[in-house]
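Okay, structure first, notes after.
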Amino acid sequence: MSFNKFNSMKNIHKLSIAPMMDCTDKHFRMIMRKISSKALLYTEMIVAQSLIHTNKKENFLNFNNEEHPISIQFGGDNPKILSEAAQMAEDWGYDEINFNVGCPSPRVCSGNFGASLMKDPKKVAKCIESLKNSCSLPITIKHRIGVDDDDSFINLNNFVRHIANAGADRFTVHARKAILSGLSPKQNRTVPPLNYDVVKKLKNLNRELLIEINGGFTSIEESLKALNDFDGVMVGRSAYKHPLRWSEIDQKVYGIKKEPKSASKIIFSLIPYIEEHIASGGKSWDICKHLINLVEGIPKAKIWRNQISLKSIKKELDIEYLSKLTSKLEELGH
Ligand SMILES: Cc1cc2nc3c(=O)[nH]c(=O)nc-3n(C[C@H](O)[C@H](O)[C@H](O)COP(=O)(O)O)c2cc1C
109 MSFNKFNSMK
119 NIHKLSIAPM
129 MDCTDKHFRM
139 IMRKISSKAL
149 LYTEMIVAQS
159 LIHTNKKENF
169 LNFNNEEHPI
179 SIQFGGDNPK
189 ILSEAAQMAE
199 DWGYDEINFN
209 VGCPSPRVCS
219 GNFGASLMKD
229 PKKVAKCIES
239 LKNSCSLPIT
249 IKHRIGVDDD
259 DSFINLNNFV
269 RHIANAGADR
279 FTVHARKAIL
289 SGLSPKQNRT
299 VPPLNYDVVK
309 KLKNLNRELL
319 IEINGGFTSI
329 EESLKALNDF
339 DGVMVGRSAY
349 KHPLRWSEID
359 QKVYGIKKEP
369 KSASKIIFSL
379 IPYIEEHIAS
389 GGKSWDICKH
399 LINLVEGIPK
409 AKIWRNQISL
419 KSIKKELDIE
429 YLSKLTSKLE
439 ELGH
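The numbering of the sequence shown is my numbering, which starts it at 109 and goes up by one.
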């Protein structure tokens, strides 16, 4: 079936799976796509400069056709380089480009991009304009509610207004500020407190803008509640660690009538994909390392996950073994 861009892009932002380095690669995204046919999926952050200079662009850009709708996330601060990257993303078939102004990693910030860019709205606006003028894709931005002491509501609102004028089509706001010195990226996802009220105030003052909330969502019910105040909810760690908790996205968020899939059904449906990956020289673990998170909340779930990991360490994790273990899950109704 051919991909119908218009229908797929409509309301895609209601629920999305966050960009997460080392997690949301194309294999994890395939798993999430089996769980929800609708949720918007993001790539890991791709540094625009690295993409421009590598000879192996496909390693950065490849994705599976089933992954639509998919947003590619870029990090960078050079409008010209971002412009080239945007053209590539469009040619490669992505549905949207997201610009990262929320990453607090010292490596990223020392290149003066990621969260530190929030202190320079004019520069961010130039980057957004450049992305916008280089392709016909929607250009969205992911940012924090503030950075270090630059955390007043006035500054946040000015930042968003400035970027909206530059042409950004949607704002994903991670509802905590970033602290650039003294906290690791991991601490920056837990230590500064979440503040949904600030984002609510931002939305209320800018009703015409599409504003998606991010940070701390752990269930569909919480997300549905948040959709009363925001245009979308982005879910990160909970979707990665507990993918099956999100198995009713299509039904509850997008109103599609169908049965949610069990873990065994999802794994069985991925077997041809895993076979293809192995046949083209990949390792089963590349996919199974994400897939084991599907198995939880049943007796011996930990043993099941350990068996997969151990077989992989011994380089014996083949399709036959995976199918056998998955049949056991099916017998348990999981
Ligand atoms: C392992 C990991 C990697 C991440 N990598 C990125 C990234 O590449 N780009 C980005 O914008 N945010 C990244 N984030 C932040 C998430 O997108 C999200 O904003 C954050 O985890 C808060 O949402 P959550 O509470 O639902 O997890 C990462 C988070 C984690 C846990």
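Note that CB positions come from ideal geometry on N, CA and C, so glycine has one too.
For residue i and residue j, I'd like the C-alpha separation in whole angstroms.
i    : j    : result
A272 : L317 : 8 Å
V343 : G323 : 7 Å
D258 : I421 : 47 Å
P212 : E439 : 45 Å
A223 : D394 : 30 Å
P407 : N186 : 52 Å
N112 : N336 : Confidence at N112 is low in this model, with a pLDDT of 42, below 50, so the placement of that residue is unreliable and no value is reported for it.
H398 : S392 : 11 Å
S417 : Y362 : 35 Å
G219 : G290 : 18 Å
E383 : I427 : 7 Å
T151 : Q181 : 6 Å
A276 : I411 : 47 Å
I375 : F325 : 25 Å
S110 : S238 : Because the pLDDT of S110 is 35, which lies under 50, any placement of that residue in the model is unreliable, and the number read from its coordinates should be weighed accordingly. Whole-angstrom Cα-Cα distance: 30 Å.
Y348 : P214 : 24 Å
L159 : K165 : 6 Å
N115 : L245 : Note that N115 has pLDDT 43, beneath the 50 cutoff, so the model's placement of it is unreliable and the number below is only indicative. If I take the Cα positions, the gap works out to 15 Å.
I364 : S145 : 10 Å
H270 : H251 : 13 Å
G405 : S372 : 14 Å
V232 : C243 : 17 Å
Y202 : V216 : 24 Å
L149 : I120 : 9 Å
K369 : A387 : 27 Å
H385 : D358 : 27 Å
K436 : Y381 : 21 Å
V281 : K142 : 26 Å
S346 : S327 : 8 Å
L378 : N206 : 28 Å
L458 : S431 : Here the chain covers residues 109 to 442 and nothing more, so residue 458 does not appear.
C396 : K366 : 26 Å
Y523 : N266 : The chain is shown only over 109 to 442; residue 523 falls outside these bounds and no answer can be derived.
T162 : A193 : 12 Å
I253 : L123 : 20 Å
N167 : N173 : 15 Å
V403 : E329 : 21 Å
A274 : N314 : 15 Å
K423 : Q415 : 12 Å
For residue i, tell me which candidate among the options has the shortest Cα-Cα distance.
i    : options                   : result
F279 : A197, D185, V209 and I374 : V209
Q195 : M226, N167, A156 and N172 : A156
M153 : G183, S124 and I139       : G183
I287 : G275, A276 and P301       : P301
E320 : E367, Y362 and S331       : S331
N312 : D339, H282 and S144       : D339
N296 : I180, D256 and K366       : D256
V299 : Y348, K436 and A283       : A283
A126 : S377, Y381 and I178       : I178
N241 : R269, W200, L190 and R252 : L190
H135 : M128, F171 and L148       : F171
L352 : I139, F267, K308 and F221 : I139
A446 : F221, K230 and I247       : This structure leaves residue 446 out entirely; the chain is present only between 109 and 442.
K188 : E174, P229, F168 and C235 : C235
K294 : M128, H350 and L225       : M128
V268 : S388, K369, E204 and P229 : P229
N263 : L430, K227, I379 and W354 : K227
F261 : I400, I249 and K285       : K285
R137 : R315, H176 and K333       : H176
Y429 : G390, R413 and G441       : R413
K333 : S355, T434, K360 and K309 : K360
C131 : K308, G390 and H350       : H350
S355 : H442, E204, D199 and F221 : H442
A409 : G390, V307, I249 and L433 : L433
Using only the heavy atoms of ligand 2, determine whether one of them is closer than 7 Å to the beta carbon of residue i.
i    : result
L437 : Ligand 2 is absent from the structure shown, which contains only ligand 1.
Chain-ordered residues, beta carbon under 7 Å from a heavy atom of ligand 1: A126, P127, M128, M129, D130, C131, E152, M153, Q181, N208, G210, C211, K250, H282, R297, N322, G323, G324, F325, M342, V343, G344, R345 and S346
Alpha helix (DSSP H) runs contained entirely in the stretch 222 to 310, provided each spans 4 or more residues: 229 to 242 and 261 to 274
Segments assigned alpha helix (DSSP H), at least 4 residues, entirely inside the stretch 350 to 387: 357 to 360 and 371 to 387
Uninterrupted alpha helix (DSSP H) stretches inside the stretch 122 to 197 (no shorter than 4 residues): 134 to 143, 156 to 161 and 165 to 169
Complete alpha helix (DSSP H) runs within the stretch 398 to 435 (minimum length 4 residues, chain order): 409 to 421
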